[in-house]
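Engineer: The following block contains the structure, expressed as structure tokens.
Number of protein chains: 2
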Amino acid sequence: MAIQQKKTETELPLDTILAGDCVARMQELPENSVDLIFADPPYNLQLKGELHRPDNSKVDAVDDHWDQFNSFAAYDRFSREWLAAARRILKPDGAIWVIGSYHNIFRVGAALQDAGYWILNDVVWRKSNPMPNFRGKRLTNAHETMIWAAKSDSGKYTFNYEALKALNEGVQMRSDWVLPICSGGERLKDAAGNKAHPTQKPESLLHRVLVASTKPGDVVLDPFFGTGTTGAVAKRLGRHFIGIEREEEYRAVAEARIEAIRRYDRDALQVTQSKRAEPRVAFGTLVERGLLPVGAELRSLNGRHRAKVRADGTLIAHDTKGSIHQVGAVLEGAPSCNGWTYWTFRKGGDWVPIDVLRQQVRAEMSPA
Amino acid sequence: MAIQQKKTETELPLDTILAGDCVARMQELPENSVDLIFADPPYNLQLKGELHRPDNSKVDAVDDHWDQFNSFAAYDRFSREWLAAARRILKPDGAIWVIGSYHNIFRVGAALQDAGYWILNDVVWRKSNPMPNFRGKRLTNAHETMIWAAKSDSGKYTFNYEALKALNEGVQMRSDWVLPICSGGERLKDAAGNKAHPTQKPESLLHRVLVASTKPGDVVLDPFFGTGTTGAVAKRLGRHFIGIEREEEYRAVAEARIEAIRRYDRDALQVTQSKRAEPRVAFGTLVERGLLPVGAELRSLNGRHRAKVRADGTLIAHDTKGSIHQVGAVLEGAPSCNGWTYWTFRKGGDWVPIDVLRQQVRAEMSPA
DNA sequence: GTGAAAGTTGAATCAGGGA
DNA sequence: GTCCCTGATTCAACTTTCA
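Chains as they are written, first to last, in UniProt numbering: chain Z, 1 to 368; chain R, 1 to 368.
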């Protein structure tokens, strides 16, 4: 015991995926050593039968063995155990994020409070493209809930207020986030073309979580690693990750996925620090959604200037940093500049104004 | 006791506000008598006094956590008591809505599941004009959470699917609702111009709740009535209400408020009905009435299959015999099939769905 | 090639009545 | 309680097919 308490952060298995039960693995790690925990525990869905769409095709339900619990009591026991193990390894100023649906989130939230965590916000992930309710018997289940909590009510948790403000058109980030579900090319498939994991989360969600509540170099642990979205985004953002996953199949997929990831440039990882009022730009949303990769090069419409995209939706050109409008104005020596029409990005062989991406995002968000 | 159990719904104190503790008042009401409960339970008073103690550096962490657990336990006891009393008076097919924030909603949700309620949806009220976070230490708390639950997993709860779809421009209603907070003329003020109640809910929220989950004439009970938003909207929508409120000041405000409310016209209270509500018509009836001759040929909507009508209202196609639904399912290799929309008959030069004949029969059945 | 049309899919506690 | 039958029900995004 005395030996274990002497372990330091340098002994952490950084940037690796541990095999086995998350409680056992966390108990082997040194206490007070991890900056952030992101957890996507099983939801304990209780499905009674098959569900068909109006066209008679069958809905591929989450009926995996790892989501089965015998009772609420059994699920609560499970929650209390992993939450306690997670809290022990968190630094005093560390924090945790847990995601869930109405099936489990109330139980997890209560267990979290009972364990001594201090809730900072509950954050709603509003899905822009959820699965509809096929039988017309309830409301479309169009969101999931995340709880963000500090280790204790005295923890000095990390919150990059200005960075999130920059991501949100220059106004404070709210507790409801509109993001699409994970699909298309981002969705990992096996050799047969089937989804590699039934509940893969979108990278845009983890991007916002990590930009909000970690600093470069921080250690982020995910006890239910799955196919490694947390690790992929952490690596890209220059954070260390530790994954724990029971299923070998998922570990293998995650390993290959993360291996292919490249970290963003050091410049791009610097987020806005200043308290100056940010102009109202939605540019950060393009970055979050992956419409423009962090580190991408933008070119001015007149072809005379170039700039690089940073993680919080600001630009850098030489030693000039700021919003798309600010950087454009400085480079042109002009009092002001509309960055949306000034900057272009490379699309196929052409340079296209970034405003087309904004229109794309608006089209996705407007039905809300 | 025996007398109390014999009470019928006619003995309910309809459209009145009861004074006193909600648990005691609910225990006096007959069981299985109320259609819907809407509850906005307190949380600030319950938690703040006990959790936010003056900053005392002498208190060590263990005591602190023990303290927290104690106050959470007290709140849980309170929740379990009123949820149990509420569940007793609910009709078997009744339902409940509870609204709260991250301070209390996880505890209430877990208690609700433990009490045997069956969660149908969690609904996010996304505030279009929330109060900003002044200190910039967290995300703007821009939503509250409602839980919608049936009395049990076998309860046949009311859900006016088509009405909510109509409210949402023709697409099914989602679990996130964007509505402004209560302000302006709707916000009740006292003589001095101060708000009469700190957490008055907007009528638009209750409007959607009641349109979604009640029918005209239903009984809606609110155990934390406050200034009576639930009663005001219920009266306007032609539902009965029962309010319970401890504070005389709030009761007086609510009384005056509801007195001034006028019910909408009966016509206006009618909402779009689901097809399920229409009377059932047997296919054989069409044959009996001569709307389709025995031996008539039917064709599938996609044109790929044909069948012949038999005297008993069944179909035959090759060697497949059975109902319009069964034969359609077999021919399509589908788990099920709606024969009414699958089969067409020859009318003049066109092939028309047999459903038009069913509508014809329905029109003859109901003189309305 | 290009665009229109058709097909696929996503953490789902998803029916009601009569015999 | 069970079994059986009727018949009501989908949105957005991406992928594939076909004209």
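Cβ atoms here follow ideal geometry from the backbone N, Cα and C, with glycine treated the same way.
#1: Confirm, please, whether the CB-CB distance from LEU18/R to ILE244/R is below 9 Å.
#2: Cα separation between LYS156/Z and VAL253/R?
#3: Since TYR75/Z and ASN44/Z should fall inside the 8 Å C-beta cutoff, what is the C-beta to C-beta distance between them, to a whole number of angstroms?
#4: Under the DSSP definition of a beta bridge, which residues are partnered with GLU332/Z?
#5: Can you list the residues of chain R that HIS52/Z reaches, using a CB-CB cut of under 8 Å?
#6: Run down chain Z in chain order and give the residues with a C-beta less than 7 Å from the C-beta of VAL123/R.
#7: Just checking my contact of VAL62/Z with PRO180/Z at CB under 8 Å: how many whole Å lie between their CB atoms?
#8: When you compare the CB of ASP190/R with every CB in chain Z, is at least one pair closer than 9 Å?
#9: Is DSSP giving LEU47/R helix, strand or coil here?
#10: Can you name the start and end residues of the alpha helix (DSSP H) that ALA61/Z belongs to?
#11: Classify ASN316/R as buried or exposed, calling it buried when 16 or more other Cβ atoms lie within 10 Å of its own Cβ.
#12: Restricting to runs no shorter than 3 residues, where is the beta strand (DSSP E) found entirely within the UniProt domain "RAMA" (266-365) of chain R?
#13: Helix, strand or coil for HIS103/Z, going by three-state DSSP, please let me know.
#14: Is there at least one Cβ from chain Z nearer than 9 Å to GLY348/R's Cβ?
#15: So, with DSSP's three-state summary, where would you put PHE241/Z?
#16: Which value, in whole angstroms, describes the spacing of the CA atoms of ALA163/Z and ARG135/R?
#17: I need the DSSP call for ARG53/Z, collapsed to helix, strand or coil.
#18: Just to confirm the assignment, what range does the beta strand (DSSP E) spanning LEU205/Z have?
#19: Buried or exposed, going by whether 16 or more other CB atoms sit within 10 Å of the CB of ASP267/R?
#20: Just to make sure I have the definition right: I need the residues of chain R whose C-beta is within less than 7 Å of the C-beta of residue 370/Z. Which are they?
#21: Look at the alpha carbon of ARG306/R and the alpha carbon of PHE345/R, and state the distance between them as a whole number of angstroms.
#22: Which whole-angstrom value describes the C-beta separation of ALA166/Z and THR314/Z, a residue pair presumed to lie in contact below a C-beta threshold of 8 Å?
#23: Should VAL281/Z be labelled buried (16 or more other beta-carbon atoms within 10 Å of its own) or exposed?
#24: In whole angstroms, what separates the C-alpha of TRP118/Z from that of TRP148/Z?
#25: Determine, using beta carbons only, whether LYS201/R and ASP40/R come nearer to each other than 9 Å.
#26: Quickly, what does DSSP pair LYS127/R with across the bridge? List them, please.
#27: Please compile the residues from chain Z whose C-beta is within a distance smaller than 8 Å of the C-beta of TYR102/R.
#28: Taking C-alpha atoms, which residue in GLU259/Z, ARG77/Z, LYS308/Z and GLY226/Z lies nearest to GLU247/Z?
#29: Would you tell me roughly how many angstroms separate the C-alpha atoms of ASP190/R and ALA196/R, rounded to the nearest one?
#30: May I have the straight-line CA-CA distance separating CYS182/R from THR229/R, to the nearest angstrom?
#31: At a CB-CB cut-off below 8 Å, which residues of chain Z make contact with GLN113/R?
#32: Any beta carbon of chain Z sitting closer than 9 Å to that of PHE159/R?
#33: By the criterion of Cβ-Cβ separation under 8 Å, what are the contact partners of GLN200/Z in chain R?
#34: Can you name the residues of chain R whose CB is closer than 8 Å to the CB of ASN194/Z?
#35: If we ignore side chains and look at the alpha-carbon of each, how far apart do LYS275/Z and ILE105/Z end up?
#36: Less than 9 Å between CB atoms is the rule here; does PRO132/R satisfy it with respect to chain Z?
Structural biologist: Taking the structure as given:
#1: Note that the C-beta distance between ILE244/R and LEU18/R is below 9 Å.
#2: Rounded to whole angstroms, LYS156/Z to VAL253/R spans 43 Å at the Cα level.
#3: 5 Å between Cβ atoms; contact.
#4: Looking at the DSSP output, GLU332/Z sits in no beta bridge, so it has no partner there.
#5: Against HIS52/Z, the close residues of chain R are PRO335 and SER336, in the order they occur along the chain (beta-carbon pairs closer than 8 Å).
#6: For VAL123/R, the C-beta contacts it makes with chain Z under 7 Å involve LEU139, in order along the chain.
#7: The Cβ separation is near 19 Å, so there is no contact.
#8: Not closer than 9 Å to any Cβ of chain Z, the Cβ of ASP190/R fails to qualify, so no.
#9: Legend: pLDDT at LEU47/R = 43, less than 50; position of this residue unreliable, no value from coordinates given.
#10: Taken as a continuous stretch (DSSP letters only), ALA61/Z belongs to no alpha helix (DSSP H), as it is neither H nor E.
#11: Note that residue 316/R is Ile in the sequence shown, not Asn. Burial state of ILE316/R is exposed, judged by a 10 Å Cβ sphere holding fewer than 16 other Cβ atoms.
#12: Those beta strand (DSSP E) runs which fall completely within the UniProt domain "RAMA" (266-365) of chain R and span 3+ residues are 297-300, 306-309, 315-317, 320-322, 343-347 and 350-353.
#13: Coil, per DSSP.
#14: For GLY348/R, not one C-beta of chain Z is nearer than 9 Å to its own C-beta.
#15: In the displayed model, PHE241/Z falls within a strand according to three-state DSSP.
#16: The straight-line gap from Cα to Cα measures roughly 15 Å.
#17: Looking at ARG53/Z - three-state DSSP - the assignment turns out to be coil, as it is neither helix nor strand.
#18: LEU205/Z -> not in any beta strand (DSSP E); alpha helix (DSSP H) instead, spanning 203-213.
#19: By the neighbour-count rule (16 or more Cβ atoms within 10 Å), ASP267/R is not buried but exposed.
#20: The structure shown has nothing for residue 370/Z, since chain Z only spans 1 to 368.
#21: Cα-Cα distance, rounded: 10 Å.
#22: Indeed, because the Cβ distance is near 6 Å, the residues count as touching under 8 Å.
#23: Here the model assigns VAL281/Z a pLDDT of 35, short of 50, so the residue's position is not dependable and the matter cannot be decided.
#24: Distance between the alpha carbons of TRP118/Z and TRP148/Z: 9 Å.
#25: Closer than 9 Å, so yes.
#26: Paired residues: LEU179/R.
#27: Chain-ordered, the chain Z residues with CB closer than 8 Å to the CB of TYR102/R read GLY109, ILE119, ASN121, ASP122 and ILE147.
#28: The candidate whose alpha carbon is nearest that of GLU247/Z is GLY226/Z.
#29: Straight-line spacing of the CA atoms in ASP190/R and ALA196/R works out to 5 Å.
#30: Rounded to the nearest whole angstrom, the CA to CA distance from CYS182/R to THR229/R is 10 Å.
#31: Around GLN113/R, the beta-carbon contacts reaching into chain Z at under 8 Å are PHE72, PHE106 and ARG107.
#32: Yes, PHE159/R counts as interfacial toward chain Z.
#33: Those do not exist, as GLN200/Z stays about 21 Å from chain R at its closest Cβ, beyond 8 Å.
#34: What ASN194/Z touches in chain R: nothing, since even the nearest Cβ is about 21 Å away.
#35: Because the pLDDT of LYS275/Z is 34, which lies under 50, any placement of that residue in the model is unreliable, and the number read from its coordinates should be weighed accordingly. Their backbone Cα atoms lie some 35 Å apart in a straight line.
#36: Yes - at least one Cβ of chain Z is within 9 Å of the one on PRO132/R.
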